[in-house]
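Residue numbers (this note's numbering), protein chains in the order written: chain A, 1 to 151; chain B, 1 to 261. A short worksheet on the structure shown next.
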Amino acid sequence: MTSMEKRLQKELQALTKDPPAGVIVNTESVSQNMSEWIVDLYGAPGSLYDGEKFQLSFKFSPRYPFDSPQVMFIGPNIPVHPHVYSNGHICLSILTDDWSPALSVTSVCLSIVSMLSSCQEKKRPPDNAIYVKTCSKNPKKTRWFYHDDTV
Amino acid sequence: MAAEGDKFVYDPERNYDDATMAQIRVMENEIASQNNIVSDRLSLQTLMEEYADADDAFKLKIKDLESRYRYMRRTRGDGNCFYRAFGFACLEQFLTDSKTLPRFKEVAQKSRDELVSLGFPQFTIEDFHESFMAAIKQVEKQCSVTELSNIFNDQGLSDYIVVYLRLLVSGYLQKEADFFANFIEGERTVKEFCNQEVEPMGKESDHIHIIALTTTLDVPVRVEYMDRVDSEKCTQHNFPEESQPSIALLYRPGHYDILYS
Numbered sequence: 001m002t003s004m005e006k007r008l009q010k011e012l013q014a015l016t017k018d019p020p021a022g023v024i025v026n027t028e029s030v031s032q033n034m035s036e037w038i039v040d041l042y043g044a045p046g047s048l049y050d051g052e053k054f055q056l057s058f059k060f061s062p063r064y065p066f067d068s069p070q071v072m073f074i075g076p077n078i079p080v081h082p083h084v085y086s087n088g089h090i091c092l093s094i095l096t097d098d099w100s101p102a103l104s105v106t107s108v109c110l111s112i113v114s115m116l117s118s119c120q121e122k123k124r125p126p127d128n129a130i131y132v133k134t135c136s137k138n139p140k141k142t143r144w145f146y147h148d149d150t151v
Numbered sequence: 001m002a003a004e005g006d007k008f009v010y011d012p013e014r015n016y017d018d019a020t021m022a023q024i025r026v027m028e029n030e031i032a033s034q035n036n037i038v039s040d041r042l043s044l045q046t047l048m049e050e051y052a053d054a055d056d057a058f059k060l061k062i063k064d065l066e067s068r069y070r071y072m073r074r075t076r077g078d079g080n081c082f083y084r085a086f087g088f089a090c091l092e093q094f095l096t097d098s099k100t101l102p103r104f105k106e107v108a109q110k111s112r113d114e115l116v117s118l119g120f121p122q123f124t125i126e127d128f129h130e131s132f133m134a135a136i137k138q139v140e141k142q143c144s145v146t147e148l149s150n151i152f153n154d155q156g157l158s159d160y161i162v163v164y165l166r167l168l169v170s171g172y173l174q175k176e177a178d179f180f181a182n183f184i185e186g187e188r189t190v191k192e193f194c195n196q197e198v199e200p201m202g203k204e205s206d207h208i209h210i211i212a213l214t215t216t217l218d219v220p221v222r223v224e225y226m227d228r229v230d231s232e233k234c235t236q237h238n239f240p241e242e243s244q245p246s247i248a249l250l251y252r253p254g255h256y257d258i259l260y261s
């Protein structure tokens, strides 16, 4: 087993045994391909997304955990949020600049849940239209500028 | 591509990110292919050769260094150089002076539980801790300097050790957050600073990182600053200040190497 697989195996065990509230890993997707996970995410009670279900796609390179995972929303319901583009791309610093090998799938999910929970108004990023038209398919190929941590 | 002399015009419909990031990757690979992560021991003469065309200010400082040091070991300029330089020099000194190794090993062993108690998830930190401990055990068995060098030049092992040293810095800064909050620039908490400037790979180190690592591991270090400051000598700084370090690093703006007397 490579160090990437060993690490993901550990993360999978921890995430299935002791999942944080509103985070459910789709073990069927993982059993087919260890380097691509699908995680179901539920909007936190009391937040603007209460009762909504979302899907996150995680893709891991052989250099994981040194390379950050490629993470985006997929499926029919992409949350309407000032940091989430309508194509599922997420503007979140720990997914690129601030990624650390000590972070994990669990900590990424928790950050995304918290990002959704602190949202005051459901709206798309101001540059959604132009971004979705010109961006790469892979959100990690975007050079993100993180300017606003308050939403 | 625009012909030479044409003025660059930004096209908002075009995606420039791919090209920019590809260029960054090319530069990273170039740095990686040209240099070992940690070099062999080299004569300080190589430093003088590097500055052959530089102004006298640098040459005077190198002369000053030559009066106190004879060799250096270069580290790769990938933003992790402080951790690799300190980590290597620290373990290497125990090969010749093993008296304090048992105490160092105990500090290193216990550090994992301290990090867990600070809220770092055990399953992500234990791999990094194990790699660090494995290197310490090699030193305990009196491995050769070449074997230690091989560990630090294996990208995987070397990076695992760097991550652990970064976590130690983060843990110490967070444990002493009340104190370090005074030294952090911008509107950031100590935890945010650690998340952004300590834990991610490739983020460069400053005084605050050095203070944290030398204090938490109880291994003092002397840093010789070779910078543009107007003086004929390098500025020396011991961490902690009143200590008698047995390892020394050379700092040039943005980079750390190892020095030997």
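Even glycine gets a Cβ: it sits at the ideal position worked out from N, Cα and C. Everything numeric in this text was worked out from a predicted model, so none of it was measured.
From residue i to residue j, what distance separates their C-alpha atoms?
i: V108(A); j: R188(B); result: 21 Å
i: G262(B); j: L165(B); result: Since the first residue shown for chain B is 1 and the last is 261, residue 262(B) is missing from the structure and cannot be characterised.
i: M70(A); j: N150(B); result: According to the sequence displayed, residue 70(A) carries Gln and not Met. Approximately 32 Å, taken between the alpha carbons.
i: A3(B); j: D11(B); result: Confidence at A3(B) is low in this model, with a pLDDT of 46, below 50, so the placement of that residue is unreliable and no value is reported for it.
i: S243(B); j: T46(B); result: 30 Å
i: P200(B); j: Q142(B); result: 32 Å
i: P210(B); j: G202(B); result: As written in the sequence, residue 210(B) is Ile, which differs from the Pro given in the question. Approximately 15 Å, taken between the alpha carbons.
i: M1(B); j: D17(B); result: Confidence in M1(B) is poor, its pLDDT being 42 and thus under 50, which makes the residue's placement too unreliable to answer from.
i: E140(B); j: A89(B); result: 15 Å
i: K79(B); j: Q9(A); result: Going by the sequence as given, residue 79(B) is Gly instead of Lys. Using only the alpha carbons, I get a separation of about 29 Å.
i: D113(B); j: L95(A); result: 27 Å
i: G88(A); j: F73(A); result: 4 Å
i: F54(A); j: I38(A); result: 10 Å
i: P45(A); j: Q23(B); result: 44 Å
i: N238(B); j: D178(B); result: 23 Å
i: F128(B); j: D56(B); result: 44 Å
i: S98(B); j: L157(B); result: 23 Å
Residue i versus chain B: which residues are under 9 Å apart at the beta carbon?
i: S61(A); result: The contacting residues do not exist; S61(A) stays about 13 Å from chain B at best.
i: K122(A); result: The premise fails here: K122(A) is roughly 26 Å from chain B at the closest Cβ pair, so nothing lies under 9 Å.
Is it right to say residue i is buried, meaning 16 or more other beta carbons lie within 10 angstroms of its own, or is it exposed?
i: D18(A); result: exposed
i: A54(B); result: exposed
i: L217(B); result: buried
i: D159(B); result: buried
i: T214(B); result: buried
i: Q174(B); result: buried
i: K140(A); result: buried
i: T100(B); result: exposed
From this set, the options, which residue's C-alpha is nearest residue i's C-alpha?
i: V105(A); options: L41(A), T2(A), E28(A) and M1(A); result: L41(A)
i: S117(A); options: A102(A), A129(A), S29(A) and S47(A); result: S47(A)
i: M115(A); options: P82(A), Y131(A), K137(A) and I74(A); result: P82(A)
i: N35(B); options: T75(B), V221(B), R252(B) and A212(B); result: T75(B)
i: R228(B); options: I125(B), E30(B), I62(B) and A22(B); result: I62(B)
i: N29(B); options: N195(B), Q155(B) and K110(B); result: Q155(B)
i: I24(A); options: L56(A), L103(A) and F145(A); result: L56(A)
Residue i versus chain A: which residues are under 8 Å apart at the beta carbon?
i: G156(B); result: S3
Which residues of chain A have a Cβ atom closer than 7 Å to the Cβ of residue i, listed in chain order?
i: N15(B); result: T134, C135 and S136
i: E199(B); result: S100 and A102
i: M21(B); result: K141 and R143
i: L165(B); result: The premise fails here: L165(B) is roughly 12 Å from chain A at the closest Cβ pair, so nothing lies under 7 Å.
List the residues of chain A whose Cβ lies closer than 9 Å to the Cβ of residue i, in chain order.
i: N36(B); result: The contacting residues do not exist; N36(B) stays about 19 Å from chain A at best.
i: I125(B); result: A102
Just to make sure I have the definition right: I need the residues of chain B whose C-beta is within less than 7 Å of the C-beta of residue i. Which are they?
i: A21(A); result: The contacting residues do not exist; A21(A) stays about 16 Å from chain B at best.
Is the Cβ-Cβ distance between residue i and residue j less than 9 Å?
i: G171(B); j: L118(B); result: yes
i: K191(B); j: L60(B); result: no
Practice task
Using a Cβ-Cβ cut-off of less than 8 Å, list which residues of the region 81 to 95 of chain A approach chain C; keep chain order.
Solution key: Of the protein chains in this structure, namely A and B, none is chain C.
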